[in-house]
Amino acid sequence: GQQVMQIPQYQHVQEGEDFTTYCNSSTTLSNIQWYKQRPGGHPVFLIQLVKSGEVKKQKRLTFQFGEAKKNSSLHITATQTTDVGTYFCAGSYTSGTYKYIFGTGTRLKVLA
Amino acid sequence: ETGVTQSPTHLIKTRGQQVTLRCSSQSGHNTVSWYQQALGQGPQFIFQYYREEENGRGNFPPRFSGLQFPNYSSELNVNALELDDSALYLCATAGYNEQFFGPGTRLTVL
């Protein structure tokens, strides 16, 4: 079936270091979304990527969508303690619907 | 804040009971999705409603059912509760190219 794998499962970094999480699908995605969930909170939308090879930036966050639309990455430059949380990718296989398959998430801890 | 509210916040039930969870949005978005999030896992898609009709379903048994009302608020009903149904239940309304999640209902089945 359709599955979205995400690695790593956990990442501990020193404040100021960079962080990257990767998302892979076995089949081509229509689009992919990224979310951040703080401990005890709910997922908060970060961005949506639709086009093959698309790259989007939000301040220290850089999001990429692979050329084959099967993988994606989120890179955070110079992490801060406020970046702590779990980052999820969520892939959609059908355009025009909101049925999203979430990855398992990467839990980020930032050590001050 | 997303403007999406869910009730109740927490709920404790026993195995075999039935539960109804509620979701409402101030945004007027006509699409609502329900997700189940077990501890330490990503949200799992249960189903989606669009203009009061079910419009997509994940791998959940028929004892998970839902409703959407004319004002686009929604209910998730779970019958014959099982221990594995213990989870955070999230609803999300769909705006243009993004989803807005509510705070969730934490269901514990004993």
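Line order of the protein sequences matches chains V and D. For the first sequence, position 109 matches number 95 in our numbering, and the numbering has no gaps at all. For the second sequence, position 41 matches number 527 in our numbering, and the numbering has no gaps at all. Cβ coordinates follow ideal geometry from the N, Cα and C atoms, glycine included. Remember, it's a predicted structure, so these values are computed and weren't measured experimentally.
- One Cα belongs to V:Y21, the other to V:A76, and the distance between them is close to 8 Å.
- Looking at the DSSP output, V:I18 bridges to V:L35, V:G77.
- Residues of the same chain with a CB within less than 8 Å of the CB of V:K37, apart from the 5 flanking positions on each side, are F51 in chain order.
- Sequence-ordered contacts of the region 63 to 91 of chain V with chain D read F74, T83, Y84, K85, Y86, I87, F88, G89, T90, G91 [C-beta pairs closer than 7 Å].
- Taking a C-beta cut-off of 8 Å against chain V, the contacting residues of the region 513 to 533 of chain D are T517, S519, Y521, Q527, G528, P529, Q530, F531, listed in chain order.
- With a beta-carbon spacing of about 14 Å, D:L593 and D:P529 fall beyond the 8 Å limit used to define contacts.
- Residue burial annotation: V:T80 is exposed, with fewer than 16 other C-beta atoms found within 10 angstroms of its C-beta.
- What V:H28 touches in chain D, judged by beta-carbon distance under 7 Å, is L576, F587, G588, P589, G590, going in chain order.
- In the structure shown, the three-state DSSP call for D:L569 is helix.
- A buried status is given to V:S78, since no fewer than 16 other beta-carbon atoms sit within 10 Å of its beta-carbon.
- If you draw a straight line from the Cα of V:R46 to the Cα of V:E40, it is about 17 Å long.
- CA-CA distance, D:T500 to D:R549, rounds to 16 Å.
- Listed in chain order, the non-local C-beta contacts of V:Y86 below 8 Å within the same chain comprise Q19, A76, G77, S78, local neighbours out to five positions each way being set aside.
- Among the residues of chain V, none has a CB under 7 Å from the CB of D:G552; the nearest is roughly 14 Å distant.
- Here the C-alpha atom of V:E1 lies approximately 20 Å from the C-alpha atom of V:S59.
- The region 7 to 16 of chain V makes no contact with the region 503 to 522 of chain D, as fewer than three CB pairs between them are under 8 Å.
- When only Cα atoms are considered, D:D570 and D:G502 end up about 12 Å apart.
- In this structure, DSSP gives V:T92 an extended state, which the three-state scheme calls strand.
- V:T68 carries a helical assignment under DSSP once its states are collapsed to helix, strand and coil.
- Within the model, the alpha-carbon separation for D:P556 versus D:S510 is close to 11 Å.
- At least 8 Å separates the CB of D:E538 from every CB of chain V.
- Beta-bridge pairing by DSSP links V:Q(-8) to V:C9.
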